[in-house]
Structures are given as C-alpha cells and as structure tokens.
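Here the structure comes first, spelled out in structure tokens, and everything after it is commentary.
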Amino acid sequence: MYTTLLNSIENYLNQQPEVEQGLTWVCTTIKDELPRYDWVGFYFHHATKKELHLKAFAGKPTDHTIIPFGKGICGQVAVSNKNFVVDDVGQQDNYIACSIDVKSEIVIPLFVENKNIGQIDIDSNTARAFSKKDEEFLTEVNVLIAAFLIRAQVSF
Ligand code: SME
341 MYTTLLNSIE NYLNQQPEVE QGLTWVCTTI KDELPRYDWV GFYFHHATKK
391 ELHLKAFAGK PTDHTIIPFG KGICGQVAVS NKNFVVDDVG QQDNYIACSI
441 DVKSEIVIPL FVENKNIGQI DIDSNTARAF SKKDEEFLTE VNVLIAAFLI
491 RAQVSF
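Numbering (this note's numbering), first residue to last: 341 to 496.
This is the structure in structure tokens:
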C-alpha cells in the first residue's frame, strides 16, 4: 500500500511545516509519484457555513474553490461521511466537472477526533483509476494529516 510514499509524507509532516505548505507538499508529492493522480486537493468544511473550501491542491487550478454541502461528489461526502469512488464520472448526475479530461474520481473524508472536517479529492484522466488500495492509502494519508493538524493546533 504505497508504504514508501506514506513514510515520506509522515517524515515531512513531522518536520512541522506551516499548515498550507504541508498540505500543498502532500498534494504535489502524491500527484508526482502516482501516474493516475492528475489532480489532488484538500477541501475543508467552513467554520459556520455548510460549504467546502479548497485549501491546497496540485494540478490545474479549478473554478470550484467553494462547494456547497450536498453538491457534486465532494459535497455528498461532506454529508455522508463516507468514501466515494467514481469509476466513470459521466454516469454521475450529481457531479461538478472541473475539467473535461477527468474520467474518474475518489474522495475520502478527513476525520479529526471522529469529526468530518474535510476531505482529500483526487481526479484522474483515466477511467476506473482507483481501487481498494487507493482507498486504503488515502485513508492513511488522512490519518497523517489529522495528526499534523492537531499538532499545528488548527481549530475546527
Ligand atoms: N468533481 C468534484 C468537484 C471538485 S473538482 O474535482 C476539483 C465534485 O463533483 O464534487
């Protein structure tokens, strides 16, 4: 399960980078290391509004920096608290297209002390790009990110 990559992420985050810098480094590193990962980003729940706000990403800039809860794959995960793996985005009614090149997507919620506070979102230009292995890997990434945010004393 991409163990070397997880170890690199853990080592980097242990050096206590600034929060946005740490998140951006993780996005860029994952995107560069895994060929099917064409866009990687972290959205966080707004403190008071039912909205997701993009905090860090790697890949092409997106217009969708704010997503209401319930809208698109990301907005649905904000409500369901469950992983969402989309093999073919063309089959999804409730989907927000960031690029016409995207064929598949995976969104994994990010929990801090059992509270869903955001998510990691990956787009791929390859159909059916994501497997159980990716779900497990990204769940572990989010465990490392949660610990990093707690250490950085980010409030939720
Ligand atoms: N496709 C997502 C929107 C975010 S972009 O992928 C960056 C969705 O349907 O929620």
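All C-beta atoms in this analysis are idealised placements derived from N, C-alpha and C, irrespective of residue type, glycine included. Note that the structure is predicted; figures quoted are calculated from it, not measured.
Identify every residue that forms a DSSP beta bridge with N456. F451
So, helix, strand or coil for E426, using DSSP? It is worth fixing the name first, because residue 426 is Val in this sequence and not Glu. V426: strand per DSSP, three-state reduction.
Residues near V419 in its chain [Cβ-Cβ closer than 7 angstroms; skip 5 each side]: Apart from the 5 residues on each side of it in sequence, V419 sits with its Cβ closer than 7 angstroms to the Cβ of F409 and G410 in its chain, given in chain order.
Can we say the segment 347-354 touches the segment 450-459, given the rule of at least three CB pairs closer than 8 angstroms? no
L353 - DSSP class collapsed to helix/strand/coil: Here L353 sits in helix by DSSP.
Backbone CA spacing between V483 and F451 [nearest angstrom]: 8 angstroms
Check whether T364 and A396 have beta carbons under 7 angstroms apart: yes
Check each candidate in Y377, T402, I460 and R468 and name the one with the smallest Cα separation from V417. I460
Which class does P495 belong to by DSSP, given the choice of helix, strand or coil? One point to set straight first is that residue 495 is Ser, not Pro, in the sequence displayed. Looking at S495 - three-state DSSP - the assignment turns out to be coil, as it is neither helix nor strand.
Does N410 come out as helix, strand or coil in the three-state DSSP assignment? Note that residue 410 is Gly in the sequence shown here, rather than Asn. Looking at G410 - three-state DSSP - the assignment turns out to be coil, as it is neither helix nor strand.
Is it true that the CB of D378 sits closer than 7 angstroms to the CB of D474? no
Is F382 helix, strand or coil by DSSP? strand
Using the Cα positions of T388 and F496, report the straight-line distance between them to the nearest angstrom. 10 angstroms
Less than 6 angstroms separating the Cβ of I413 from some heavy atom of the ligand SME? yes
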